[in-house]
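Trainee:
Residue numbers (this note's numbering): 9 to 89.
#1: Under DSSP, the alpha helix (DSSP H) around residue 50 begins and ends at which residues?
#2: Give me the Cα-Cα distance between residue 37 and residue 51, rounded to the nearest whole angstrom.
#3: Between the alpha carbons of residue 75 and residue 45, how many angstroms are there, rounded?
#4: Would you kindly work out how many angstroms separate the C-alpha atoms of residue 49 and residue 57, rounded to a whole number?
#5: Just the C-alpha distance for residue 54 and residue 69, rounded to the nearest angstrom, thanks.
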C-alpha cells in the first residue's frame, strides 16, 4: 500500500513539473526581457514617487517643527497668541 502511495506522489510531481516546464517554454526570452524592463520601469517610477513624497513629508515636518518651536518660545516668553 505504501509503495502505491509513493508512486502516485511521483506521478503527481511529474505532472506539475511538466506543466511548469511547458508553461515556461511558452514564454520567449524577448517577452521575458520586455516584462523585466516593464517591471524595472515601474520600480523606478515608484522609487521616484516615494522619494518625492518623502521630500514633501520632510518639508512639512520641518515647517511643523518650526511652528512648534515658535509656539513654545512665545509661551515661555509669556506672549500668547
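Virtual Cβ for every residue (Gly too), placed ideally from N, Cα, C.
Mentor: In short:
#1: Unbroken alpha helix (DSSP H) run through residue 50: 37 to 84.
#2: Using only the alpha carbons, I get a separation of about 21 angstroms.
#3: 45 angstroms
#4: 12 angstroms
#5: Residue 54 and residue 69: Cα-Cα distance of roughly 22 angstroms.
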